[in-house]
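Per our numbering, the very first residue in the sequence shown carries number 2; after that it's consecutive.
The beta-carbon is built from N, C-alpha and C at its ideal position, and this holds for glycine as well.
The structure presented is a predicted model; accordingly, all values stated were derived computationally and were not measured.
Only one structure is covered here, and it is reproduced in the block below.
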Amino acid sequence: MVITGFNLSAYFAIPLVLSLLAKGENIKVSLVENVHQVSTNKEMILSSRQLISTKTTPKTYYVSGTGNDTNSGLSNSSPFRTIQKAANLTNPGETVLIMNGVYRNASPNGQVVSITRSGKANAWIKFKAYPGHRPKIKHNGWNGILIHNGASYIEINGLEVIGNNDNVTLDYAMSQKTNKLNPLTNGNCINVDGRKSGHTHHIRIVNNKVHKCGGVGIAAIQSDYVTIDNNVVFDNAWYSLYGCSGISMLSNWNFDNNRGYKMFVTNNKTYNNRMFIPWIAVGKITDGNGIIIDTSRNNQNNSKLGAYKGRTLVKNNLTFNNGGSGIHTFLSDHVDIVNNTA
């Protein structure tokens, strides 16, 4: 059989040739000469270019006290006004640089920043002070910064978080000693909270100044792989009815079965953290510690977490003039307290 004069694409010609061969037909070479060949090399190059074009470079977002949330947020000359605007956009590997300004909670029961988006092991999301700047997060809500809903691979670096103590009197706080719903007296500065909608893990809280929160200064609750390093934490826990401290790790949770060091409280300065209001559960002053590693055996209140298997390192901290202990452990194992001054 002779086929000439066709200008077939390879996609149509090859199946035709194979079917004819199966029938024993003799096919003249002119078929091959007339077949329009698809340039697979060009297709491969085009595909590579298309793949490259779909890859995105991690963004840096900018926030300023004089910014506007309608700006692009992608340069220091076009910054957002709120940190929350940037937090809602972040993807793995991206950074939020926070410039000078005072950042406040938008609602009385809210927080200044709610972080729920996660980074990855090789691409953390970082919230950092812009170089040379000293931004202030000032709040009278439940938290200055809240990391929750299973957020992971997050770093908070170089920020000042200020609570509501200056606006509360001891008489007012005593009048609220049974009011569990009052953020004015119970608000926390930085809260890593893994109790709802997924446990938090791989969090770094470093180089911050944290003070004057009625609740805890820096807390990590039901979390794992948390580093709290080189922070200054003072004047916290005064007015809360929940028995708070300066730095608290509560009910550590097992992200994995690693039995090495996973929780770190290192190189911090904590002072003047104390309780003036009794813990509502027992009616007494119980805490107000500089640092506490609390109930990581997880054998209270029908907890299903299981005992924490990793180790916790508390090292090189300076802690003084607190209401409770300088450094305290309670119902927790595998805690190494090394080279601290208290």
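The Cβ atoms of P93 and K121 sit closer than 8 Å to each other.
Three or more beta-carbon pairs separated by less than 8 Å link the stretch 216 to 235 to the stretch 181 to 197, which places the two stretches in contact. DSSP places N187 inside the alpha helix (DSSP H), whose first and last residues are P184 to N187.
The alpha-carbon of Y262 is positioned some 4 Å away from that of R312. By the 16-neighbour rule on beta-carbons within 10 angstroms, A107 is exposed. Positions of the beta strand (DSSP E) runs, each at least 3 residues long and wholly inside the stretch 140 to 169, are given as 144 to 148, 153 to 158 and 161 to 163 in order along the chain. The alpha carbon of N237 has as its nearest neighbour, out of R135, N323 and D70, the alpha carbon of N323. Contact check for V169 against G215 passes: the beta carbons are separated by less than 8 Å. Following the DSSP letters along the chain, one finds D230 inside the beta strand (DSSP E) bounded by residues S224 to D230. H200 is positioned such that its CB atom lies no closer than 8 Å to that of Y154. In the DSSP secondary-structure assignment, V283 is not bridged to any residue. Around the Cβ of D167, a 10 Å sphere holds fewer than 16 other Cβ atoms; the residue is exposed. With contacts defined by Cβ atoms closer than 8 Å, I146 and V162 form a contacting pair.
Three or more Cβ pairs closer than 8 Å define a contact, and the stretch 60 to 72 falls short of that threshold against the stretch 108 to 115. Boundaries of the alpha helix (DSSP H) harbouring S176: L171 to S176, taken from the DSSP string. Beyond the five residues adjoining it in sequence on each side, N89 comes within less than 8 Å, by CB distance, of R118 in the same chain, given in chain order. By the 16-neighbour rule on beta-carbons within 10 angstroms, T320 is buried. Annotated three-state conformation of K316 is strand, per DSSP.
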